[in-house]
Amino acid sequence: RPSVYNRPRTQTRSEREEERRPALKTPPAPVRLEIRYADLDPYGHVNNAVYLAFFEQVRFAYWNALADLAGIAEREAGDVPGARYVIAETNLSFEAPIFFESNLHGAATVPWVGNRSYAMDFELRTGESFDTGELACEGFAAHVFFDPAKDEVQPRPDWFLPTVAALEGRPEEDFAPPER
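Read left to right, the sequence shown gives residues 146 to 325 (the numbering used here).
Set out below in structure tokens:
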């Protein structure tokens with residue numbers, strides 16, 4: 146039966162899977178996500194607006210793992226002091242619907258780190274685990290480190306890049322930002 150999820154694309158799913166960064170194949174902090182009845186739309190699947198909230202939960206799990214590895218116990222409203230950020234850009238690609246009864250898992254990886262910003266790639270998968278689940282949505286978010294007291298962009302914390310590299314098991318030079 147025809148499905149909006151089977152629309153023409155510039156790359157096939159297998160081509161995208163081949164290009165996927167190794168870190169997202171074995172992400173550092175996968176998390177099980179709960180689907181609430183209120184998350185559903187009139188079609189019976191998760192409303193598109195909820196996906197960013199799922200990404201936020203995944204980001205929170207990643208940051209908790211990062212802070213734990215860095216030995217940072219203090220949190221400010223869930224954030225790490227001195228490492229607050231704002232979201233500058235997001236992008237989502239819906240691959241399959243997510244239903245109320247789906248077992249949903251999410252994970253993220255950091256593809257690059259700049260002097261004042263970093264990116265995260267996200268995946269939501271349905272199935273028994275993140276590792277064995279089917280891709281439902283993939284996304285990207287660009288984050289800019291921000292000092293809310295000064296209302297201005299700030300440099301990344303010194304501990305951030307080495308800790309991300311350690312968490313993901315990759316050398317720091319793998320996190321070079323894309324050239325503009």
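We put the beta carbon where it would ideally sit given N, CA and C, even for glycine.
- By the Cβ-count criterion, serine 247 is buried, with 16 or more other Cβ atoms from all chains shown falling within 10 Å of its own Cβ.
- The Cβ-Cβ distance between histidine 190 and proline 242 falls below 7 Å.
- A direct Cα-Cα distance of roughly 21 Å separates asparagine 260 from leucine 214.
- In this model, tryptophan 304 and tyrosine 188 are separated by some 45 Å (Cα to Cα).
- Around alanine 253, the same chain offers Pro172, Val203, Arg204, Tyr207, Met265, Asp266 and Phe267 as residues with beta carbons nearer than 7 Å, after the five sequence neighbours per side are excluded.
- In this structure, valine 258 lies away from leucine 211, with their beta-carbon atoms at least 7 Å apart.
- The segment 224-240 makes contact with the segment 276-286: 3 or more CB pairs, one atom from each, lie closer than 8 Å.
- Looking only at Ile180, Pro322, Tyr182 and Asp184, the smallest Cα-Cα distance to valine 255 is reached by Pro322.
- The alpha-carbon separation between aspartate 292 and leucine 185 amounts to approximately 35 Å.
- DSSP places leucine 214 inside the alpha helix (DSSP H), whose first and last residues are 195-215.
- Nearest Cα to phenylalanine 320 within the set Glu297, Ser262 and Lys295: Ser262.
- When the five nearest sequence neighbours on each side are left out, the beta carbons in the same chain lying within less than 7 Å of the beta carbon of serine 274 are those of His250, in order along the chain.
- Under the three-state reduction of DSSP output, aspartate 303 falls in the coil class, being neither helix nor strand.
- Contact check for histidine 288 and alanine 233: beta-carbon distance about 7 Å, within the 8 Å limit, so the pair qualifies.
- For glutamate 221, the three-state secondary structure derived from DSSP is strand.
- Per DSSP, the beta-bridge partners of tyrosine 230 are Phe290.
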